[in-house]
DNA sequence: AATGAATGAGGTTTCATTCAT
DNA sequence: TATGAATGAAACCTCATTCAT
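Chains as they are written, first to last, in this note's numbering: chain A, 16 to 206; chain B, 16 to 206; chain C, 16 to 206; chain D, 16 to 206.
Here you go:
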């Protein structure tokens, strides 16, 4: 009966929010956004449907939160805004680490790829995606410029595309796709 | 005795089926499968909802038909079963032609990519997808074997992944993505 | 190209009508009225949906026709209006013949029983059913009156009910229900 | 933490479920299963369509629930598994009580008879029906065996059929059918 | 903060019936 | 007479969201 402190409440809130997001991420990634009902999320998380609406205003906003949270987590690992330039070794390191992260957090990436190709979902987050992606693209452009490439923008977009292709194939067929070897092949292109 | 000849009926059927499929393809590709209702397809095509069910047993089967029809169309262009082996020049030609086709038939590919990453939709067509994809993979494996590569399977999967990555990025951002240059860069890797 | 005579047309009409009714009877009896579609009847009969509407104005009217036709067929066997009175031997004979007919034309009776218990279908044919049933009831009432029974109406309704009960159980479980013995037991009650 | 106690929820659920089942029973019995829409049930019960699906997974399952619930209610009155044997007086008592129940709960029986004769509905519940019916049949068989009848099984099936016949005729024409007298006539056969 | 009963809009699907040919 | 493509009303069902408690 003792009233909880403001901080205790805050902790509960954070915990519950995380629980909901984790559950939703797994389900969205594995079953698909449209094939996952709020009810299913609630049941899987062991909470009530209503509670989800205490933390998220809608299913759509829950999805957005997941996407942005995924981006944030990613950004924490690879902050493209540190000093602005990277060396060749750093690029290799970044690529390897990225794909390591991909492997560890496959759900996020499943969701990410699934979402990116879903037209109407894409529209929802389009603007923010570009906001997030731009600094990384710029980082690459700068790198290739520094490397003396003729068309750094082209190089950057090519690398991004290739990276996503490898990621996508791994996500689609994680059991057979030779991820590590492909990554090394990719890195080898940028010696 | 029959008021229209068998052939007349056949023509009507072919025409209507095509109309429905074309309409559905555009809508599925641009709005997403789940965000396109049968009613919307019917209205767009200028027909009744019921008629769609004269031609397809369900929305799902309509989607399947679209996917397989897309595959078939693709397969008509690039039959991997011709003689079984391709030369370097043929590979280059194939890659260029494929991406030309990608550009022309963007809707199909939007659908294809969207589908591949949608877990529950993928399940629907998984088996067939592999049936279709296998000969192409084999073609590439054989090519790289002939080229004396150490790990032809790896090479084949790498190329597929890279190709899909480029395709995906083009589809996602057709206005800005430098498709032709990327394709040439890709081809340059296989000189 | 030779024009058919009026009579030939009439023959065709009769033939087709019979075909439709026979098909519908089988399907209605075995699958249920509501579970049988006009399309299914047409396909089973090897004709077109439209043709059915040349002979019957609606599915409901087709059902009515079947019911009345069943009654008529039945009435041809057992005309209750002959001389108005029957002897004990005639009653026994009638009962045995009725159940023989039941066995032979199970479909009609399946339909009949199914229909009688379907409220809204019953409403459709209620009036006619009574018209048909009344003479038979009267025949029985007269018989029991002649036999000196205290309450002939009660006797008549009892016998009808018992007869229908046996019929119903036979129809529901034709493989196990001991029809002949039950009929003999029934007849034994009216020695 | 929960705003209503578990018990409160349970009460609400029981009440609503009963409301839905009562409403559906009346409508199914009087209008027929196929002629009663979920919407009609909802409107009659003064609730939303959706709510019905909180309690029953489908219209079919609602029907099943009704049938089994009817059986259960019936079984509570006449448990055939008590001691296994009944005396003549008990048989008379049972028959009288059964038909009293029939009169009181005509809806259930209307449904029951309607269902038994509807081919595809029967299939749904066939197995369970036999499970329910078997003990009663056995009770009768045992009774007639004890009474020294030559063919107890025949006697049991005959009595069941006759009973159903009387029930059916009463249900079909409750205003005119002389139920009590018929029941007494029936009982008189088993002195 | 938390529950889950309740809603209702909207989706897919069925099918009796029409009608141009 | 005969066809079957086409319609559209109405059915079943789902599910995001609300809200009293």
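In this text, a Cβ means the ideal position worked out from N, Cα and C, and glycines have one as well.
Being a predicted model, the structure only gives us computed values, none of them experimental.
May I ask you to report which of helix, strand or coil DSSP gives residue 102 of chain D? Note: residue 102 of chain D maps to coil in three-state DSSP.
Which full runs of the alpha helix (DSSP H) of 4+ residues lie inside the segment 67-97 of chain A, going along the chain? Fully contained in the segment 67-97 of chain A are the following alpha helix (DSSP H) runs of length 4 or more, in chain order: 74-92.
Should residue 185 of chain A go down as buried or exposed, given a rule of 16 or more other Cβ atoms within 10 Å for buried? It counts as buried.
Alpha carbon of residue 196 of chain C to alpha carbon of residue 159 of chain D, nearest angstrom: For residue 196 of chain C and residue 159 of chain D, the distance between alpha carbons rounds to 16 Å.
Hey, does residue 184 of chain B have any beta-carbon neighbour from chain A nearer than 8 Å? Residue 184 of chain B counts as touching chain A.
With C-beta atoms as the reference, is residue 38 of chain B less than 8 Å away from residue 59 of chain B? Inclusion of residue 38 of chain B and residue 59 of chain B in the CB contact set at 8 Å is warranted, their separation being smaller than that value.
As assigned by DSSP and simplified to three states, the class of residue 193 of chain C: Three-state DSSP puts residue 193 of chain C in coil, outside helix and strand.
DSSP on residue 187 of chain B, reduced to helix/strand/coil? Looking at residue 187 of chain B - three-state DSSP - the assignment turns out to be helix.
Whose Cβ in chain A lies nearer than 7 Å to the Cβ of residue 131 of chain B? The answer, in chain order, is 187.
Collapsed DSSP secondary structure at residue 204 of chain C in the structure displayed: DSSP, read as helix, strand or coil, puts residue 204 of chain C in coil.
Any Cβ of chain D within less than 8 Å of the Cβ of residue 117 of chain C? For residue 117 of chain C, no Cβ of chain D is located within less than 8 Å of the residue's own Cβ.
CB contact flag (residue 131 of chain A, residue 187 of chain B, <8 Å): The beta carbons of residue 131 of chain A and residue 187 of chain B sit closer together than 8 Å.
Straight-line gap, residue 79 of chain A to residue 175 of chain A (C-alpha atoms, nearest Å): Each residue's Cα considered, the two are about 23 Å apart.
For residue 86 of chain D, which residues in the same chain have their Cβ closer than 6 Å to its Cβ, ignoring the five residues on either side in sequence? Hits under 6 Å: 147.
Run down chain B in chain order and give the residues with a C-beta less than 7 Å from the C-beta of residue 177 of chain A. What residue 177 of chain A touches in chain B: 177 and 180.
Shorter than 8 Å from the beta carbon of residue 200 of chain A to some beta carbon of chain B? Taking Cβ atoms only, chain B reaches closer than 8 Å to residue 200 of chain A, which makes this a yes.
Could you give the distance in angstroms between the alpha-carbon of residue 138 of chain C and the alpha-carbon of residue 56 of chain C? Each residue's Cα considered, the two are about 24 Å apart.
Which residues bound the alpha helix (DSSP H) around residue 120 of chain B? Annotation: residue 120 of chain B is outside any alpha helix (DSSP H) and is labelled neither H nor E by DSSP.
Can you tell me whether residue 133 of chain A is helix, strand or coil according to DSSP? It is coil, neither helix nor strand.
Taking only beta carbons into account, state which residues of the segment 64-93 of chain A come closer than 7 Å to chain B, listed in chain order. Within the segment 64-93 of chain A, no residue has a Cβ that lies closer than 7 Å to any Cβ of chain B.
Once DSSP output is grouped into helix, strand and coil, what is the label at residue 16 of chain A? Because residue 16 of chain A sits at a pLDDT of 46, beneath the cut-off of 50, its placement in the model cannot be relied upon, and the point is left open.
Which class does residue 182 of chain A belong to by DSSP, given the choice of helix, strand or coil? Residue state for residue 182 of chain A is assigned as helix, using DSSP reduced to three classes.
Taking 8 Å as the threshold (beta carbon to beta carbon), is residue 111 of chain A in contact with chain B? By this cut-off, residue 111 of chain A is not an interface position.
From residue 16 of chain C to residue 29 of chain C, what distance separates their C-alpha atoms? Any reading at residue 16 of chain C is ruled out, since the residue's pLDDT is 45, under 50, leaving its predicted position unreliable.
Between the C-alpha atoms of residue 92 of chain D and residue 109 of chain D, what's the straight-line distance to the nearest angstrom? Straight-line Cα distance between these residues: approximately 9 Å.
Hey, quick one: how far does the alpha helix (DSSP H) through residue 32 of chain C stretch, first residue to last? Per DSSP, the unbroken alpha helix (DSSP H) holding residue 32 of chain C starts and ends at 21-46.
Residues of the segment 147-175 of chain B whose Cβ lies closer than 9 Å to any Cβ of chain A, in chain order: Against chain A - using a Cβ distance shorter than 9 Å - the residues of the segment 147-175 of chain B are 166, 168, 169, 170, 172, 173 and 175.
Beta-carbon proximity check, residue 117 of chain C vs residue 182 of chain C, cutoff 8 Å: Yes, Cβ-Cβ distance for residue 117 of chain C and residue 182 of chain C is below 8 Å.
Consider the Cβ of residue 192 of chain A: report whether some Cβ of chain B lies at a distance smaller than 8 Å. With 8 Å as the cut-off, residue 192 of chain A counts as an interface residue toward chain B.
Within 8 Å (strictly less), CB to CB, does residue 46 of chain A reach chain B? Chain B places a beta carbon closer than 8 Å to that of residue 46 of chain A, counting this residue as a contact.
Going along chain B, which residues have a C-beta under 8 Å from residue 41 of chain A? Within chain B, no C-beta atom comes less than 8 Å from the C-beta of residue 41 of chain A; the nearest is roughly 11 Å away.
Does the distance from the CB of residue 154 of chain C to the CB of residue 101 of chain C come in under 8 Å? Yes.
Residue 8 of chain C to residue 25 of chain B span [Cα, whole Å]: In the structure displayed, chain C extends from 16 to 206; residue 8 of chain C sits before or after that span and is not available.
Can you give me the C-alpha to C-alpha distance between residue 201 of chain C and residue 180 of chain C, rounded to a whole angstrom? Cα-Cα distance, rounded: 11 Å.
Can you pull the chain C residues whose beta carbon is under 9 Å from the beta carbon of residue 49 of chain D, in chain order? The contacting residues are 47, 48, 49, 50, 133 and 135.
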